[in-house]
Amino acid sequence: MSVLLCFAAALVFLYVILYYVVFRGTGFSNSVRLDGKTAIVTGSNTGTGKATALDLAKRGARVILACHNREKSEAAAFDIRRESGNNQVVFMQLNLASLKSVSNFAETFMNTEPRLDILINNAGVLGPGHTEDGFGLAFGVNHLGHFLLTNLLLERMQQSGPSRVVTVAARLHCIGNIDFPHLASKKDLVSGQSVWHNLQAYCNSKLCNVLFTRQLANRLDGTSVTCYSLHPGVVYTKIGRSTSWWLQLLFTLFAKLFFIDPERGSHTILYCSLQEGIEPLSGRYFSDCALQEVGAKARDDALAKKLWEGSDIEGGACDIGFIIHCIKSLVKTMYDCICVLYLSFPFSFLLFKKNKKFYFSIH
Ligand SMILES: NC(=O)c1ccc[n+]([C@@H]2O[C@H](COP(=O)([O-])OP(=O)(O)OC[C@H]3O[C@@H](n4cnc5c(N)ncnc54)[C@H](OP(=O)(O)O)[C@@H]3O)[C@@H](O)[C@H]2O)c1
Numbered sequence: 091m092s093v094l095l096c097f098a099a100a101l102v103f104l105y106v107i108l109y110y111v112v113f114r115g116t117g118f119s120n121s122v123r124l125d126g127k128t129a130i131v132t133g134s135n136t137g138t139g140k141a142t143a144l145d146l147a148k149r150g151a152r153v154i155l156a157c158h159n160r161e162k163s164e165a166a167a168f169d170i171r172r173e174s175g176n177n178q179v180v181f182m183q184l185n186l187a188s189l190k191s192v193s194n195f196a197e198t199f200m201n202t203e204p205r206l207d208i209l210i211n212n213a214g215v216l217g218p219g220h221t222e223d224g225f226g227l228a229f230g231v232n233h234l235g236h237f238l239l240t241n242l243l244l245e246r247m248q249q250s251g252p253s254r255v256v257t258v259a260a261r262l263h264c265i266g267n268i269d270f271p272h273l274a275s276k277k278d279l280v281s282g283q284s285v286w287h288n289l290q291a292y293c294n295s296k297l298c299n300v301l302f303t304r305q306l307a308n309r310l311d312g313t314s315v316t317c318y319s320l321h322p323g324v325v326y327t328k329i330g331r332s333t334s335w336w337l338q339l340l341f342t343l344f345a346k347l348f349f350i351d352p353e354r355g356s357h358t359i360l361y362c363s364l365q366e367g368i369e370p371l372s373g374r375y376f377s378d379c380a381l382q383e384v385g386a387k388a389r390d391d392a393l394a395k396k397l398w399e400g401s402d403i404e405g406g407a408c409d410i411g412f413i414i415h416c417i418k419s420l421v422k423t424m425y426d427c428i429c430v431l432y433l434s435f436p437f438s439f440l441l442f443k444k445n446k447k448f449y450f451s452i453h
């Protein structure tokens, strides 16, 4: 009996140590007020996004809930207004799985909101599917949608400076990868839709978040806008909602025991948004309300630059597959024109004889 009791006590002790040392992490407390300031939080109808929006609203900020589901988001806005006593909490529709929706959101925002002090790229998905533009869901929503959104709003942030772009990545970025040829041809960072592929796609998209922030900081150097990426902790939210039932069951059991709640999960997001004096650390990655070093891949400036260039067409639409498609079409059209000319115009033979090498090289 006493052996059993000792074993149970040891288990409880181990659990408390694990929870408080490994999972719970350091909290953030800061009384800074945000009256007169405006913040956007993407994916703020639930999870860490909602907890973050509530905290910002309590500090007096005007908070834009940038979410895709109107019903859920209106309900969240109502909750946040009631709990914070701040009426400046509004919903604006944003579907990060549609580049058109991102552009529409940015246009509406730029036409109606005079300032933007904090942009929190929080929304995230883990699961199968594709975006409206044909990209893999995790890559499209977690990286590409936020990439375009940030670029379209930068002008307003520069006008409102000092301002901050905070992107919620994840510790899992460290096992992420970016396969550029695959991305160019398949519009995705993975080749399948299995549970494993979805998890890998999620990790890859989170590596994109860290690299995006790094490159953004380089581009914003010398301006009044700074940016940060972060891991919010292991949080009990609905992030795994579109994975298989058995994975969700496993996740729920483990989550109930070990994961932190969304309020606690918002602390590092708030730290990066509000902590004074971290401006010289623009572009860096945070966890547990502190700077964290990242692995070699996540601080590879050449990789970050390549990702940026692949995601961007002069700050506008972001469609790598489309560029490849256009180049292929152009080459094919040129080839067709040459063939038609060659066959239909009797003198063209003489004309092309000199350029025979060029003609065959297109073959
Ligand atoms: N939970 C964790 O342990 C953990 C760990 C590391 C990093 N993170 C990161 O933390 C962030 C927040 O996740 P969470 O854990 O709070 O998960 P969550 O509860 O599932 O929240 C995700 C949010 O993203 C929104 N969203 C999904 N697809 C969207 C789209 N196409 N357009 C606009 N919004 C969209 C969701 O809206 P709907 O509810 O309407 O779908 C929801 O509001 C994510 O970036 C996630 O990767 C989480």
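So the sequence shown is numbered by our numbering: it starts at 91 and just counts up by one.
No residue lacks a Cβ here, since even glycine has one placed at the ideal position from N, Cα and C.
Nothing here was measured: the structure is a model prediction, and the numbers come from that model.
Taking the alpha carbon of residue i as the point to measure from, which residue in the options has its own alpha carbon closest?
i: Leu301; options: His236, Ile359 and Glu353; result: His236
i: Thr358; options: Val215, Phe229, Gly139 and Arg304; result: Gly139
i: Thr198; options: Asn212, Leu216, Leu239 and Arg171; result: Leu239
i: Arg331; options: Cys298, Tyr318 and Pro218; result: Pro218
i: Ser284; options: Thr333, Gln248 and Ala260; result: Thr333
i: Asn176; options: Ser188, Met200, Gly150 and Lys190; result: Gly150
i: Asp402; options: Leu216, Asn288 and Leu234; result: Leu234
i: Leu381; options: Ile368, Leu347 and Gly312; result: Ile368
i: Ala394; options: Thr132, Gly133 and Asn267; result: Asn267
i: Ile329; options: Leu297, Ala260, Thr303 and Lys396; result: Ala260
Do you know offhand how far residue i's Cα is from residue j's?
i: Glu404; j: Tyr375; result: Because the pLDDT of Glu404 is 43, which lies under 50, any placement of that residue in the model is unreliable, and the question is left without a value.
i: Asp269; j: Leu279; result: 6 angstroms
i: Gln183; j: Ala196; result: 10 angstroms
i: Val122; j: Ala129; result: 14 angstroms
i: Cys96; j: Val258; result: 41 angstroms
i: Arg152; j: Gln178; result: 5 angstroms
i: Ser295; j: Leu101; result: 36 angstroms
i: Gly323; j: Gln248; result: 30 angstroms
i: Leu216; j: Leu371; result: 29 angstroms
i: Phe341; j: Ile350; result: 13 angstroms
i: Arg246; j: Thr116; result: 33 angstroms
i: Leu94; j: Glu173; result: 46 angstroms
i: Ala99; j: Met91; result: 12 angstroms
i: Gly224; j: Ala274; result: 12 angstroms
i: Phe348; j: Leu337; result: 16 angstroms
i: Ser193; j: Leu104; result: 50 angstroms
i: Asp390; j: Leu297; result: 11 angstroms
Keeping to the same chain, check which residues put their C-beta closer than 6 angstroms to that of residue i; ignore five residues upstream and five downstream.
i: Ser163; result: Asn135, Leu155, Cys157 and Phe181
i: Val255; result: Leu209, Thr240 and Cys317
i: Phe118; result: His357, Leu360, Tyr361 and Cys379
i: Pro204; result: none
i: Lys387; result: none
i: Ala345; result: Tyr326
Can residue i be considered in contact with ligand 1, in the sense that its beta carbon sits closer than 7 angstroms to one or more heavy atoms?
i: Leu321; result: According to the sequence provided, residue 321 is His. The question's Leu does not apply to it. For ligand 1, at least one heavy atom lies less than 7 angstroms from the Cβ of His321.
i: Thr138; result: yes
i: Asn201; result: no
i: Leu186; result: yes
i: Thr240; result: no
i: Thr454; result: Nothing about residue 454 can be read from this structure; the chain reaches only from 91 to 453.
i: Thr327; result: yes
i: Arg331; result: yes
i: Ser134; result: yes
i: Ala388; result: no
i: Lys277; result: no
i: Gly214; result: yes
i: Pro218; result: no
i: Lys346; result: no
i: Pro352; result: yes
i: Ala260; result: yes
i: Cys157; result: yes
i: Asn288; result: no
i: Lys162; result: yes
Compute the distance between the beta-carbons of residue i and residue j, then report whether it is under 8 angstroms.
i: Cys293; j: Leu262; result: yes
i: Trp398; j: Gln305; result: yes
i: Ala167; j: Leu186; result: no
i: Lys127; j: Asp207; result: yes
i: Leu124; j: Leu144; result: no
i: Asn159; j: Asn232; result: no
i: Leu310; j: Ser377; result: no
i: Pro252; j: Ser314; result: yes
i: Lys277; j: Gly226; result: yes
i: Gly373; j: Asn288; result: no
i: Asn120; j: Leu364; result: yes
Between which residues of its own chain and residue i is the CB-CB distance below 8 angstroms, once the five residues before and five after are set aside?
i: Gly385; result: Cys264
i: Glu366; result: Val122
i: Ser281; result: His272 and His287
Between residue i and the rest of its own chain, which residues show a CB-CB distance below 7 angstroms, the 5 nearest in sequence each way excluded?
i: Pro352; result: Gly137, Thr138, Lys140, Ala141, Val325 and Thr327
i: Thr68; result: Only positions 91 to 453 of the chain appear in this structure, which leaves residue 68 out of reach.
i: Gly133; result: Gly139, Cys157, Asn212, Ala213 and Gly214
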